[in-house]
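First comes the structure, then the notes that go with it.
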Amino acid sequence: MKNIAFVSVVLFSICIQSVSALEAGFISGMEEFKPDSYLVVADKKGDEDGYRVGILKTKNGSKLEFSPLKITDWKHSDGQASDLESACRVPGKSNEFLLAESGYWERKYGRIFHIEINTNGALVKNVFHIPGSKDGVDGDNFEGMVCIEKDDSIFVILGERGESSSYKNGYLRIGILDYSNSQLSWSKYSNNPVEIVAPGHWNNPQSKRSISDLYLDKQGVIWAVATEDAENDEGPFRSIIYKAALVSSSKPGTFPVVAINPTKAQWVIDGFKIEALAGPSTTVPNSYMSIGSEDESYGGVWRPLFSPIE
Numbered sequence: 139m140k141n142i143a144f145v146s147v148v149l150f151s152i153c154i155q156s157v158s159a160l161e162a163g164f165i166s167g168m169e170e171f172k173p174d175s176y177l178v179v180a181d182k183k184g185d186e187d188g189y190r191v192g193i194l195k196t197k198n199g200s201k202l203e204f205s206p207l208k209i210t211d212w213k214h215s216d217g218q219a220s221d222l223e224s225a226c227r228v229p230g231k232s233n234e235f236l237l238a239e240s241g242y243w244e245r246k247y248g249r250i251f252h253i254e255i256n257t258n259g260a261l262v263k264n265v266f267h268i269p270g271s272k273d274g275v276d277g278d279n280f281e282g283m284v285c286i287e288k289d290d291s292i293f294v295i296l297g298e299r300g301e302s303s304s305y306k307n308g309y310l311r312i313g314i315l316d317y318s319n320s321q322l323s324w325s326k327y328s329n330n331p332v333e334i335v336a337p338g339h340w341n342n343p344q345s346k347r348s349i350s351d352l353y354l355d356k357q358g359v360i361w362a363v364a365t366e367d368a369e370n371d372e373g374p375f376r377s378i379i380y381k382a383a384l385v386s387s388s389k390p391g392t393f394p395v396v397a398i399n400p401t402k403a404q405w406v407i408d409g410f411k412i413e414a415l416a417g418p419s420t421t422v423p424n425s426y427m428s429i430g431s432e433d434e435s436y437g438g439v440w441r442p443l444f445s446p447i448e
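Mapped onto the numbering used here, the consecutive letters of the sequence shown carry residue numbers 139 to 448.
This is the structure:
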């Protein structure tokens, strides 16, 4: 694990107007931005109005604050982001992130936006694409993403949620980001996705989503959250958080990540549809991880978690 680089966050201010946290609505993906705040994404579709990206700030003794990030040019013919589901920080860059859409739809979208946050909002630096769908599969539903710097390479790990007719379980798909040349390639590991089977008891095992988000902790553990619902916007919902994979050893030539094949969940959260995982906030002592939910008709919440009981 010695060669794995975990990035420290550099503080700087963003001059944009804050709005009530209640207006944030849904959180479909989340990544640490500063020790007390998070970059969050929302899954607005197509031409639907509303923010796609913003900053959620936690505060001692006060309500959360949400600030939309303005992006004026998405630098792609398909227009503004549609159905953003995940985000990760570019290793070594304090204010650069990748934002991933869930998949392709009618030969559109399927993009990963490389953005840089500045005092005016955010600038799209590059646009990449997620792995292509199988023939006849319209949208593969990637809902989690982590970025790892290892052995002088930057790996982008996408989490495919499962539940579809083609993919019953979740899968981790691995790409390599060439930062200097602004390229993201999926070819090297295209035939070797890592299968992830979510543990736990489910009301309907055939409809669970094994990966609704991913989070890489400082020990090199890739956590995942799995969800199920009653197939309507009023729930009920259930989410479980579990250890999905480990970043592999630094020995040259080793596969970047290995599945853990968990037998139990570390957290079981009833009543909430968790779609975002990230590290703890410094404003909440003794917390281990942060979660964000997208509870459909009920809106969304951000919450800190205690350490898991092993």
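Think of the CB as a built atom: it goes at the ideal place given N, C-alpha and C, for glycine as much as any other residue. From a predicted model like this one, the values you see are computed outputs, not experimental measurements.
Inset, instruction - Give the straight-line distance between the Cα atoms of Ala162 and Asp433, rounded to the nearest whole angstrom. - result: In this prediction, Ala162 has a pLDDT of 46, which is less than 50 and means its spatial position is unreliable; what the coordinates show is noted afterwards. Between the alpha carbons of Ala162 and Asp433 lies a gap of roughly 12 angstroms.
Legend entry - Cβ shell of Trp212 (< 8 angstroms), same chain only, five flanking positions each side left out: Excluding residues within five positions, the ones whose Cβ falls inside 8 angstroms are Gln218, Ala219, Phe251, Val262, Val265.
Inset, instruction - Put Gln357 into one of helix, strand or coil per three-state DSSP. - result: If DSSP states are grouped into helix, strand and coil, Gln357 belongs with coil.
Inset, instruction - Inspect the beta-carbon positions of Cys285 and Leu207 and report whether they are closer than 9 angstroms. - result: Note that the C-beta distance between Cys285 and Leu207 is not below 9 angstroms.
Legend entry - Minimum Cβ-Cβ distance from Ser302 to chain C less than 9 angstroms: This model lacks chain C altogether, as it is built from one protein chain only.
Inset, instruction - Flag this pair as yes or no: are the beta carbons of Arg311 and Ile292 separated by less than 9 angstroms? - result: No, Cβ-Cβ distance for Arg311 and Ile292 is not below 9 angstroms.
Inset, instruction - Helix, strand or coil for Gln321, going by three-state DSSP, please let me know. - result: For Gln321, the secondary structure class from DSSP, reduced to helix, strand or coil, is strand.
Inset, instruction - Could you give the DSSP three-state label for Tyr380: helix, strand or coil? - result: The answer is strand: DSSP assigns Tyr380 an E or B state.
Inset, instruction - Can you have a look at Gly308 and say buried or exposed, based on whether 16 or more other CB atoms are within 10 angstroms of its CB? - result: So Gly308 ends up on the buried side.
Inset, instruction - Mind reading off the beta-carbon distance from Glu281 to Asp351? Whole number of angstroms is fine, and I expect it under 8 angstroms. - result: The beta-carbon separation of Glu281 and Asp351, rounded to 6 angstroms, stays under the 8 angstroms limit for a contact.
Inset, instruction - Reducing DSSP to helix, strand and coil, say where Pro442 ends up. - result: Here DSSP, grouped into helix, strand and coil, assigns Pro442 to strand.
Legend entry - Beta-carbon spacing of Asp189, Asp221 below 9 angstroms: Note on residue identity: the sequence assigns Tyr, not Asp, to residue 189. It is not a contact, given that the beta carbons lie outside the stated cut-off.
Legend entry - Cutoff 7 angstroms; reference Asn141; Cβ partners in own chain excluding five residues on either side: Bear in mind that the predicted position of Asn141 carries a pLDDT of just 47, short of 50, making it unreliable; the figure below should be weighed with that in mind. When the five nearest sequence neighbours on each side are left out, the beta carbons in the same chain lying within less than 7 angstroms of the beta carbon of Asn141 are those of Lys288, Asp289, Ser388, in order along the chain.
Inset, instruction - Count the C-beta pairs between the region 322-330 and the region 356-363 that are closer than 8 angstroms, then say yes if the count reaches three, no if not. - result: A contact between stretches requires three or more CB pairs, one per stretch, nearer than 8 angstroms, and the region 322-330 fails this requirement with the region 356-363.
Inset, instruction - Would you mind stating whether Ser302 and Glu223 have Cβ atoms separated by less than 9 angstroms? - result: Not closer than 9 angstroms, so no.
Legend entry - When Ala362, Asn342, Cys226, Lys346 are compared against Gln404, the one with the closest alpha-carbon: For Gln404, the nearest C-alpha among the options comes from Ala362.
Legend entry - Burial state of Ser240, where buried means 16 or more other Cβ atoms lie within 10 Å: Answer is buried; the Cβ neighbour count reaches 16.
Legend entry - Beta-bridge pairing of Phe293 - partner residues as DSSP gives them: Residue pairing from DSSP places Phe293 in a beta bridge opposite Ile286, Ile314.
Legend entry - Inter-stretch contact (C-beta, 8 angstroms, three-pair minimum) for the region 361-377 and the region 334-353: Contact between the region 361-377 and the region 334-353 is present, because at least three Cβ pairs lie under 8 angstroms.
Legend entry - Separation of Ile429 from Gly438, as counted between CA atoms: Distance between the alpha carbons of Gly438 and Ile429: 10 angstroms.
Inset, instruction - Measure the Cβ-Cβ separation of Gly199 and Ala180 and say whether it is below 9 angstroms. - result: Cβ atoms of Gly199 and Ala180: not closer than 9 angstroms.
Inset, instruction - Could you name the residues of the same chain whose beta carbon sits closer than 6 angstroms to that of Val422, not counting the 5 residues immediately before and after it, in chain order? - result: Excluding positions up to five away in sequence, the list reads Pro442.
Legend entry - Proximity winner among Pro418, Asn341, Ala397, relative to Asp408 (alpha-carbon distances): The residue with the shortest Cα to Cα distance from Asp408 is Asn341.
Inset, instruction - Indicate whether Glu333 and Ala414 have their beta-carbon atoms separated by less than 9 angstroms. - result: With a cutoff of 9 angstroms on beta-carbon distance, Glu333 and Ala414 are scored as not near each other.
Legend entry - Rounded C-alpha distance that separates Tyr426 from Leu177: So the alpha carbons of these two residues sit roughly 18 angstroms apart.
Legend entry - Pro206 - partner residues in DSSP beta bridges: Per DSSP, Gly192.
Legend entry - Delimiting residues of the beta strand (DSSP E) encompassing Tyr176: Element bounds for Tyr176: 175-179.
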